[in-house]
Amino acid sequence: MIVVMKTAATKEHVDAIIDRVEAIGCKTHIIVGAERTVIGVIGDGRAIDQRQLSRMIGVETIVPISKPYKGASREFKPEDTHIQVGDIVIGGKDLVVMAGPCSIEGRTALLEVAHAVKEAGAHILRGGAYKPRSSPYSFQGLGEEGLRYLAEAREATGMPVITEVMDPALVPLVCEYADILQIGARNMQNYALLNAVGKSGFPVLLKRSFSGTIEEWLMSAEYILSHGNNNVMLCERGIRANETETRNTFDINAIPVIKNLSHLPIIADPSHATGKWEYVGAGAKAAVAAGADGVILEVHPHPEDAWSDGRQSLKPEKFARLVEQMRAVAVAVERDIPSTRVPAGLNGHNVSTLPPAF
Ligand code: PEP
Ligand code: MN
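At position 238 of the sequence shown the residue is numbered 237 (numbering that gives the first Met the number 0), and the sequence of numbers has no breaks.
Pasting the structure below:
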């Protein structure tokens with residue numbers, strides 16, 4: 000429920016409400032507006048005596064949240080959530096581009112692709128060290144060795160890194176190396192894992208399961224939020240339908256639906272949604288037009304030799320062109336994709352290190 004305070008309510012009145020609801024095991028989320036303060040209350044609503052609460056000093060009205068997901072709903076928090084990762088804000092006007100290989104294949108290979116995607120316009124580097132493969136005989140990822148290469152690629156390029164975690168016991172280890180934890184489609188309803196990443200406080204990208212409804216997906220986000228971790232972004236990566244020409248069916252509807260139902264950022268993954276590189280660009284541009292807050296794309300310099308998901312991986316040159324096209328679409332819908340390129344004439348100097356005259 001949401002407790003809307005009167006414009007004249009004081010901090011003491013707000014604190015009294017917080018104390019009352021926290022005493023019965025509920026959590027609060029405070030939104031201080033220009034006119035009035037609003038207190039979001041999350042937890043088992045049955046424990047709260049609403050009539051008693053509505054009579055407390057300073058309370059204007061109590062609004063119940065109709066959705067089963069509370070903290071994830073727009074009713075609970077009308078303004079968009081912004082997630083800060085290094086210098087990057089996810090969920091604001093600027094879109095974020097995450098790119099890199101499906102799996103980390105080695106130190107040199109990762110550094111090569113990291114520099115290539117940065118040069119082509121990526122803001123965040125992706126790469127899997129723990130891979131959820133359909134077959135136990137397929138490459139399972141380099142594990143901690145891969146995480147070390149990822150951290151090295153971050154140092155070398157300055158890009159934050161995102162990588163998947165599959166095991167609750169490995170969350171602390173992955174947090175030592177990563178900036179964003181990815182929960183894969185197959186683990187969307189792995190509640191032990193959702194609880195573990197929730198407790199970590201780390202930014203989380205929660206992929207939609209290929210059979211998950213939007214409500215189930217938001218309920219999974221709720222698990223993470225329920226630990227006080229508000230840094231959750233959702234990722235539409237295609238769902239399973241009866242079409243076999245593409246790997247999955249890109250549920251483009253999910254993007255405006257999530258924007259309507261939730262305040263959490265939504266990222267699109269056209270690589271897994273289509274499964275074929277020749278359709279990835281169309282999916283990416285459509286996602287930007289539909290209102291996505293960013294995209295995550297698989298890029299590999301030699302897709303034919305990739306250790307996983309080569310069929311859907313873009314070569315860096317194609318990815319570079321796509322970023323330009325996505326930027327044009329973003330501008331058309333009153334957003335932008337900031338360039339990572341050093342302006343011509345600066346001879347390779349990083350702009351931020353140049354004197355103010357520049
Ligand atoms: C991946 O990002 O490489 C991946 C395995 O994605 P998903 O969980 O969406 O299948
Ligand atoms: Mn992949």
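In this text, a Cβ means the ideal position worked out from N, Cα and C, and glycines have one as well.
Where residue i falls: helix, strand or coil (DSSP)
i, result
"I254", "helix"
"C174", "helix"
"L233", "strand"
"A286", "helix"
"I103", "coil"
"I213", "helix"
"Q188", "coil"
"D93", "strand"
"E78", "coil"
"A267", "strand"
"D335", "strand"
"E244", "coil"
"M426", "With the chain represented from 0 up to 357, any question about residue 426 goes unanswered, as that position is not in the structure."
"S199", "helix"
"K69", "coil"
"A98", "strand"
"S219", "helix"
Environment of residue i [buried if 16+ CB atoms lie within 10 Å]
i, result
"H301", "exposed"
"S208", "buried"
"E104", "buried"
"Q49", "exposed"
"P202", "buried"
"T36", "buried"
"V13", "buried"
"N241", "exposed"
"T156", "buried"
"N230", "buried"
"Q324", "exposed"
"K10", "exposed"
"N346", "Model confidence at N346 stands at a pLDDT of 44, short of 50, so the residue's coordinates are unreliable; what they give is reported in the following sentence. Exposed is the call here."
"E333", "exposed"
"G200", "exposed"
"E235", "buried"
"S312", "buried"
"T273", "buried"
"G32", "exposed"
"S219", "buried"
"E34", "exposed"
"K76", "buried"
"I213", "buried"
"E303", "exposed"
Between the CA atoms of residue j and residue i - distance to the nearest angstrom
i, j, result
"H271", "L110", "23 Å"
"A152", "A331", "33 Å"
"I30", "I16", "14 Å"
"Y190", "H226", "12 Å"
"A286", "T248", "13 Å"
"G126", "I161", "7 Å"
"S102", "I336", "25 Å"
"L180", "C174", "7 Å"
"G408", "E118", "For the chain, the structure presents residues 0 to 357; residue 408 sits outside this window and is missing."
"L353", "T60", "Here L353 scores only 35 on pLDDT, less than 50, and its place in the model is too uncertain to base an answer on."
"A7", "E78", "23 Å"
"S351", "D18", "At S351 the pLDDT is 40, less than 50, meaning the model places this residue with poor confidence; the figure from the coordinates comes in the next sentence. Using only the alpha carbons, I get a separation of about 45 Å."
"E21", "A289", "39 Å"
"I266", "K275", "19 Å"
"S307", "R147", "19 Å"
"K131", "L169", "Looking at the sequence provided, one finds Pro at residue 131 rather than Lys. Going by the C-alpha atoms only, they are around 14 Å apart."
"L204", "R54", "40 Å"
"E316", "I87", "24 Å"
"V210", "S133", "Here residue 210 turns out to be Ser, not Val, going by the sequence shown. Rounded to whole angstroms, S210 to S133 spans 16 Å at the Cα level."
"I223", "L193", "6 Å"
Minimum Cβ-Cβ distance from residue i to chain B less than 8 Å
i, result
"G145", "Here chain B cannot be found, since the structure has a single protein chain."
Cβ pair residue i, residue j closer than 8 Å
i, j, result
"M0", "P67", "no"
"G44", "K26", "no"
"M158", "I123", "yes"
"P167", "A195", "yes"
"E215", "Q188", "yes"
"G57", "M4", "yes"
"L217", "S261", "yes"
"I182", "K206", "yes"
"Y278", "T243", "no"
"A121", "G145", "no"
"N259", "R73", "yes"
"P264", "M232", "yes"
"E329", "L94", "In the sequence under discussion, the amino acid at residue 329 is Ala, which differs from the Glu named in the question. Cβ atoms of A329 and L94: closer than 8 Å."
"V116", "V298", "yes"
"A291", "I254", "yes"
Residue i: CB within 7 Å of a non-hydrogen atom of ligand 3
i, result
"E303", "Judged by which ligands are present, ligand 3 is missing from the structure shown, whose ligands are ligand 1 and ligand 2."
- List in chain order: all unbroken alpha helix (DSSP H) runs of 4+ residues lying wholly within the region 108-147. Fully enclosed alpha helix (DSSP H) runs of 4 or longer: not present.
- Message: Threshold first: 4 residues or longer. Then list the alpha helix (DSSP H) segments lying entirely within the region 8-64, N to C.
- Response: Taking 4 residues as the shortest admissible run, the region 8-64 contains the following complete alpha helix (DSSP H) segments, listed from N- to C-terminal end: 10-22, 49-53.
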